[in-house]
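J.: My questions will all concern the structure given below.
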Amino acid sequence: MLGDHSGLPAERALLSQPPKAGLSCKTVLQAVGKVLRKSKAKPNGKKPAAEEKKVYLEPEYAKSRITDFGFKELVVLPREIDLNEWLASNTTTFFHHVNLQYSTISEFCTGEACQTMAVCNTQYYWYDERGKKVKCTAPQYVDFVMSSVQKLVTDEDVFPTKYGREFPSSFEALVKKICKYLFHVLAHIYSAHFKETLALELHGHLNTLYVHFILFAREFNLLDPKETAVMDDLTEALCGGGGGDGPGGAAGAQNHVKER
């Protein structure tokens, strides 16, 4: 085994760049929060009409990156590295960066603001270990995702780091499940919290993470195109091409209810 799965130099160079100095400080978040909450005020106690315009698709924001590195080259399996080790290293790295990206807007993703785990017109439900369907708010869903993925990536029987330990036969299926969860979180950030991300000037980091993640998932067929169809317009704008290895199915992505 190669040891620590998060130790790839290329990944650290591309995705570990910190946000601009001071952006995560409490005063800035509070100031941004006041502006955003004011703009989201509900007149007469009624919810404002859903916005049809997707700000994240505007060219001036979609082109923002923190690096011009060729991601298609970055995701290719190096000849000297085992496939499972490569999947483990990247999956662990993506988990940490999605978790970090979500943490920057978590103050705005509340049970009141995000009463369901929604992405555009698609709603996601969680299923617990007993298979019971759980309807939850977006922050609750994200907490379930991060807790379950954290448990997997730190389990030596699933993500082994010690010499001589083998990956389980179900490893690829587990990686696909993790990628699906992480996609849900990324898609929710774009769908529900892009304005906050923009206000914090972190959209370049979010775009960079999304492009890297989607291209990696395409390279190893880790995401079902039907699962990612809800964000095909974003994937087209950022990566070119549909939401999967083939044409996307965005036309059928309206008013769906998804399960984990």
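Quick note on numbering: the sequence shown equals residues 96 to 355 in the numbering used here.
We put the beta carbon where it would ideally sit given N, CA and C, even for glycine.
Please read all numbers here as calculations on a predicted model, not as lab measurements.
Tell me which residue opens and which closes the beta strand (DSSP E) that A213 is part of.
T.: Annotation: the continuous beta strand (DSSP E) that includes A213 extends over 212-214.
J.: To the nearest angstrom, how far is the alpha carbon of K64 from that of L318?
T.: The first residue shown for the chain is 96 and the last is 355, placing residue 64 beyond what the model contains.
J.: Along the chain, which unbroken stretches of the alpha helix (DSSP H) at least 4 residues long are found entirely within the segment 296-337?
T.: 298-314, 320-323, 327-333
J.: For V280, count neighbouring C-beta atoms within 10 Å of its own C-beta (all shown protein chains included) and say buried if the count is 16 or more, exposed if not.
T.: Buried, by the Cβ-count rule.
J.: Can a CB atom of chain C be found closer than 8 Å to the CB of A268?
T.: Annotation note: the requested chain C is absent from the structure, which comprises a single protein chain.
J.: By the 10 Å Cβ neighbour count, where 16 or more other Cβ atoms means buried, how is Q196 classified, buried or exposed?
T.: Here Q196 is buried: its Cβ has 16 or more other Cβ atoms, across all protein chains shown, within 10 Å.
J.: At what residue ranges does the segment 164-229 contain a whole run of the beta strand (DSSP E), taking only runs of 3 or more?
T.: 212-214, 217-222
J.: Can you find the residues in the same chain that come closer than 8 Å, C-beta to C-beta, to L247, ignoring five residues on each side of it along the sequence?
T.: V253, F254, L269, I273
J.: My output table needs one value for E261: the three-state DSSP class, helix, strand or coil.
T.: coil
J.: On the three-pair Cβ rule with 8 Å, is the segment 236-250 touching the segment 278-294?
T.: Touching, yes.
J.: Might you give, ordered along the chain, the residues of its own chain that have their beta carbon closer than 7 Å to the beta carbon of D356, omitting 5 neighbours on each side?
T.: Summary: the structure shown does not reach residue 356, with the chain confined to residues 96 through 355, and so no result is reported for it.
J.: For the pair the segment 302-316 and the segment 166-185, tell me if three or more CB-CB distances fall below 8 Å.
T.: yes
J.: Taking the beta carbon of S264 as the centre, do at least 16 other beta carbons fall within 10 Å, making it buried, or is it exposed?
T.: exposed
J.: Hey, could you find the ends of the alpha helix (DSSP H) F289 is sitting in?
T.: 266-294
J.: Could you tell me the alpha carbon to alpha carbon distance between T211 and L169, rounded to whole angstroms?
T.: 35 Å
J.: F239 by DSSP, collapsed to three states: which one?
T.: DSSP places F239 in helix when its eight states are reduced to three.
J.: Look at F203 and H307 and say whether their C-beta atoms are less than 8 Å apart.
T.: No, the pair does not count as a contact, with Cβ atoms beyond the cut-off.
J.: Answer yes or no: do V193 and L333 have a C-beta to C-beta separation smaller than 8 Å?
T.: Judged by their CB atoms, V193 and L333 are not nearer to each other than the 8 Å cut-off.
J.: Under the assumption that A287 contacts A324 (Cβ atoms under 8 Å), give the Cβ distance between them as a whole number of angstroms.
T.: So it is not a contact: roughly 18 Å between Cβ atoms.
J.: Skipping 5 residues on each side, what residues in its chain have a beta carbon closer than 8 Å to that of P173?
T.: Counting only residues of its own chain and dropping the five nearest sequence neighbours on each side, P173 has a CB closer than 8 Å to the CB of W181.
J.: Sorted by chain position, which residues of the same chain lie with C-beta nearer than 6 Å to D163's C-beta, five sequence neighbours on each side aside?
T.: A distance below 6 Å between beta-carbons, with the five flanking residues on each side excluded, links D163 to no residue of its chain.
J.: Hey, quick one: how far does the alpha helix (DSSP H) through Y151 stretch, first residue to last?
T.: No alpha helix (DSSP H) holds Y151; DSSP gives it neither H nor E.
J.: Work out the CA separation of P154 and H298 for me, nearest whole Å.
T.: 12 Å
J.: Compute the beta-carbon to beta-carbon distance between Y285 and Y151, rounded to the nearest angstrom, for a pair I have assumed lies under 8 Å.
T.: 5 Å
J.: According to the neighbour-count rule (16 or more other Cβ atoms, all chains shown, within 10 Å of its Cβ), is N302 buried or exposed?
T.: buried
J.: Which of the three DSSP states, helix, strand or coil, is assigned to K246?
T.: helix
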